[in-house]
Amino acid sequence: QDEKGERRVAENEYTPPKVWTWDQESGGRFANINRPIAGPTHDKELQVGKHPIQLYSLATPNGVKVTIMLEELLAAGHSGAEYDAWLINIQDGHQFGSGYVDLNPNSKIPVMADHSTDPVTRVFESGSILVYLANKFGAFIPEDHKGRTEAMNWLFWQMGSAPYLGGGFGHFYAYAPFKMEYPINRFAMEVKRQMDVLDRHLADNEYMAGSEYSIADMAIMPWYGSMAKGILYEAAEFLSVHEYKNVIRWTDTLMERPAVQRGQMVNRVWGELHRQLPERHDASDFETKTMDKLQADAS
2 QDEKGERRVA ENEYTPPKVW TWDQESGGRF ANINRPIAGP THDKELQVGK
52 HPIQLYSLAT PNGVKVTIML EELLAAGHSG AEYDAWLINI QDGHQFGSGY
102 VDLNPNSKIP VMADHSTDPV TRVFESGSIL VYLANKFGAF IPEDHKGRTE
152 AMNWLFWQMG SAPYLGGGFG HFYAYAPFKM EYPINRFAME VKRQMDVLDR
202 HLADNEYMAG SEYSIADMAI MPWYGSMAKG ILYEAAEFLS VHEYKNVIRW
252 TDTLMERPAV QRGQMVNRVW GELHRQLPER HDASDFETKT MDKLQADAS
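Going by this note's numbering, the sequence shown opens with residue 2, and the numbers climb by one from there.
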């Protein structure tokens with residue numbers, strides 16, 4: 002490192018205090034909702050619709066995993082997977098309402114309530130929701146021991162790896178109050194390593210668990226497929242994502258599925274208006290309740 006680089010590091014060096022304290026003005030895109038304590042910030046009951054499955058979510062990669070699964074189940078004929086999807090705006094702190102915290106003490110999206118059981122079953126963490134639905138309906142998880150284990154391997158790989166992509170690279174590259182060389186380099190290296198893990202695996206496999214489409218694909222694609230297609234963090238050129246040709250091939254295959262396309266629309270409140278479906282309560286909503294239709298009706 003040259004003298005200027007060493008001086009820049011020294012000027013920006015942080016010396017931690019003996020005891021950490023919460024700086025509410027720490028900056029960054031999500032500073033207004035980040036806090037070091039759990040629990041509700043206000044009383045707010047959740048709405049409950051007419052269907053067995055009640056989903057409270059937002060169309061982030063973690064939220065999209067579950068709406069893709071629900072749409073795939075319905076497409077496969079599992080009528081018991083009918084669901085209401087309620088919008089949880091995390092920027093406005095909806096996840097800290099008392100009703101939401103009752104379902105998910107971790108105050109993250111998504112969370113699901115299964116009203117077909119007595120008492121109602123709460124399910125939080127996106128990976129747990131996928132496993133719950135796969136087991137409940139006997140779908141989208143291989144029946145044979147080897148295939149089922151492989152699907153679970155990759156599902157848990159995603160749950161353990163994506164925080165480096167989102168909370169690590171995504172935060173410091175796109176959301177932090179200013180760009181910092183060390184964390185961006187550190188997490189860029191890790192994300193490229195993860196993408197190479199996937200690319201090597203998909204060179205010899207049609208889907209993550211082999212020849213069968215499963216919850217492992219639904220979990221991984223919204224994060225790593227979106228990265229490979231240049232959708233996340235506007236970092237396609239920076240990370241040279243065009244190199245991961247097998248990931249791109251796999252992503253293109255999944256994104257052609259009608260249920261995947263529908264799942265990506267649910268609880269979406271940004272981007273092209275015809276691709277936004279803020280809430281989903283009926284299959285017909287995809288034709289009548291997208292944001293472009295709602296705005297046209299209101300004008």
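We put the beta carbon where it would ideally sit given N, CA and C, even for glycine.
Assign Gly64 to one of three DSSP states: helix, strand, or coil. In the structure shown, Gly64 adopts helical secondary structure according to DSSP, grouped into three states.
Cα-Cα separation between Asp1 and Phe179, rounded to whole angstroms: This structure cannot speak to residue 1, because the chain is shown only from 2 to 300.
Simplified DSSP assignment, three categories, for Gly272: Three-state DSSP puts Gly272 in coil, outside helix and strand.
Please report the straight-line C-alpha distance between Gly171 and Glu144, rounded to a whole angstrom. A direct Cα-to-Cα measurement between Gly171 and Glu144 gives close to 36 Å.
What does DSSP give as the partner residue(s) for Asp115 in the beta ladder? Among the bridge pairs identified by DSSP, Asp115 is matched with Ile54 and Thr122.
Please name the residue or residues paired with Val49 in a DSSP beta bridge. Paired residue(s): none; Val49 is not in a bridge.
Would you check if the region 51-69 and the region 258-273 touch, i.e. whether three or more CB-CB distances between them fall below 8 Å? Contact between the region 258-273 and the region 51-69 is present: 3 or more CB-CB pairs across the two stretches fall below 8 Å.
Between the region 205-216 and the region 232-243, do at least 3 Cβ pairs fall closer than 8 Å? In this structure the region 205-216 does not touch the region 232-243; the number of beta carbon pairs closer than 8 Å is below three.
For the alpha helix (DSSP H) that Ala86 lies in, which residues bound it at each end? Segment Tyr84 to Leu88 is the beta strand (DSSP E) holding Ala86; no alpha helix (DSSP H) there.
Taking Leu71 and Ala82 to be in contact with their CB atoms under 8 Å, please state how far apart those CB atoms are, rounded to whole angstroms. Right, their Cβ atoms sit about 5 Å apart.
Would you kindly check if the distance between the Cβ of Arg187 and the Cβ of Gly169 is under 9 Å? Contact: yes.
What is the DSSP secondary structure of Arg258, reduced to helix, strand or coil? In the structure shown, Arg258 sits in coil (DSSP, three-state: anything other than H, G, I, E or B).
So is Met219 in contact with chain D if we call contact Cβ pairs under 9 Å? No chain D appears in the structure shown, which is made up of a single protein chain.
For a test of the three-state rule: what should DSSP assign to Arg36, helix, strand or coil? DSSP, reduced to helix, strand and coil, places Arg36 outside both helices and strands of the structure shown, so it counts as coil.
Inter-stretch contact (C-beta, 8 Å, three-pair minimum) for the region 79-99 and the region 133-142: Between the region 79-99 and the region 133-142 there are three or more C-beta pairs closer than 8 Å, enough to call the two in contact.
Have a look at Ile221, Ile249, Ala217 and Ala220 and flag the residue whose alpha-carbon is nearest the alpha-carbon of Gly231. When only C-alpha atoms are compared, the closest one is Ile249.
Under 8 Å, with one C-beta from each stretch per pair, do the region 45-54 and the region 248-263 reach the 3-pair mark? Verdict: no, contact absent.
Please return the same chain residues whose Cβ sits closer than 8 Å to the Cβ of Gln262, not counting the five positions on each side in sequence. Hits under 8 Å: Met256.
For Pro37 versus Lys66, is the C-beta distance shorter than 9 Å? Taking 9 Å as the cut-off, the beta carbon of Pro37 is found no closer than this to the beta carbon of Lys66.
Please list the terminal residues of the continuous alpha helix (DSSP H) segment that includes Thr289. Asp286 to Thr289 is the extent of the alpha helix (DSSP H) around Thr289.
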